[in-house]
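Q: In our numbering, the protein residues as written are 78 to 308.
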Ligand code: SF4
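#1: When every heavy atom of the ligand NAD is checked, does at least one fall within less than 8 Å of the C-beta of residue 120?
#2: Please determine, among 250, 117, 270, the residue with the shortest C-alpha to C-alpha distance to residue 151.
#3: Only counting the same chain, and skipping five residues up and downstream in sequence, which positions put a Cβ closer than 7 Å to that of residue 81?
#4: Please find out if some non-hydrogen atom of the ligand SF4 comes closer than 8 Å to the beta-carbon of residue 200.
#5: In whole angstroms, what is the alpha-carbon distance linking residue 127 and residue 103?
#6: Helix, strand or coil: how does DSSP classify residue 123 here?
#7: Provide the residue(s) that pair with residue 193 in DSSP beta bridges, ordered along the chain.
#8: Secondary structure at residue 243, three-state DSSP: helix, strand or coil?
#9: Can you have a look at residue 245 and say buried or exposed, based on whether 16 or more other CB atoms are within 10 angstroms of its CB?
#10: Is the distance from the Cβ of residue 195 to the Cβ of residue 232 below 9 Å?
#11: Let's test the definition: count the other Cβ atoms within 10 Å of the Cβ of residue 266 and tell me whether it reaches 16, buried, or not, exposed.
#12: Could you give the C-beta distance for residue 342 and residue 156, rounded to a whole number, given that I count them as a contact under 8 Å?
#13: Within 8 Å: the Cβ of residue 232 and any heavy atom of the ligand SF4?
#14: Could you give the distance in angstroms between the alpha-carbon of residue 107 and the alpha-carbon of residue 287?
#15: Under three-state DSSP, which class holds residue 103?
#16: Taking 9 Å as the threshold (C-beta atoms), are residue 118 and residue 253 in contact?
#17: What residues match up with residue 292 in a beta bridge as DSSP calls it?
#18: Sort 88, 228, 149, 300 by Cα distance to residue 273 and report the nearest one.
#19: Could you tell me whether the Cβ atoms of residue 268 and residue 163 are closer together than 9 Å?
#20: Once you ignore the five residues that flank residue 109 on each side, which residues in its own chain have a CB closer than 8 Å to its CB?
#21: Please list, in chain order, all residues of the same chain as residue 299 whose beta carbon is under 6 Å from its beta carbon, the five residues on each side excluded.
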């Protein structure tokens, strides 16, 4: 039994960066139409964990771009987190209703002249956005069912890495330091299992094997997931 416990020394950021590197490797194998300056998916409806939000805030500070945080507005809470939805799905329960959007999504405040101001530390939800065909303004991304399965699993893992933290829309997560809109944030849940259609289950396990085996701070990432779960 592990004697390691979650502590300030639990390398959550290194684990998150390992997840980002793994996703970048996956992304490199996909034939996508996405290119620099293509930002149809950069809306203010991006969801992320507070761990990811910390990286974004620090990057904005490093860049001397506090002004971006100042102009962010908290947004509505998501109806559920990735792992909450997965858990309800596995329990064969209905997820909470998503509230009807009060307005069309706006442009992400971190988008400047068609480019992301924090591209290197952009959240996983942005990294997994990809399309085989050019979307165009208001267009739909053309993905692939397998991409969706794998990307959902990665989003679930990212949430697990932030157990004890919160999840919400970018504007709220980045401004919650100012106690703005904290009620619009949801607690991160542990991985209840990976949700995948039967035809993808074996492939998913095989694909994620190298990620779980990636050594971070002396332990495989999969071991860290167990340690985080044990709390
Ligand atoms: S954080 Fe960056 S990549 Fe993500 S939606 Fe905003 S501008 Fe686009």
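Glycine included, each C-beta is placed from N, C-alpha and C at the ideal position.
A: Taking the geometry as given:
#1: Among the ligands in the structure shown, the ligand NAD does not appear; only the ligand SF4 can be found there.
#2: 250
#3: Unreliable positioning characterises residue 81 in this predicted model, as indicated by a pLDDT of 43, which lies under 50. A coordinate reading is not provided.
#4: yes
#5: 24 Å
#6: coil
#7: According to the DSSP secondary-structure assignment, residue 193 is paired through a beta bridge with 188.
#8: strand
#9: That one is buried.
#10: no
#11: buried
#12: Within the shown structure, residues of the chain are numbered from 78 to 308, placing residue 342 beyond reach of any answer.
#13: no
#14: 18 Å
#15: helix
#16: For residue 253 and residue 118, no; Cβs fall outside 9 Å.
#17: 297
#18: 228
#19: yes
#20: 207, 208, 209
#21: 289
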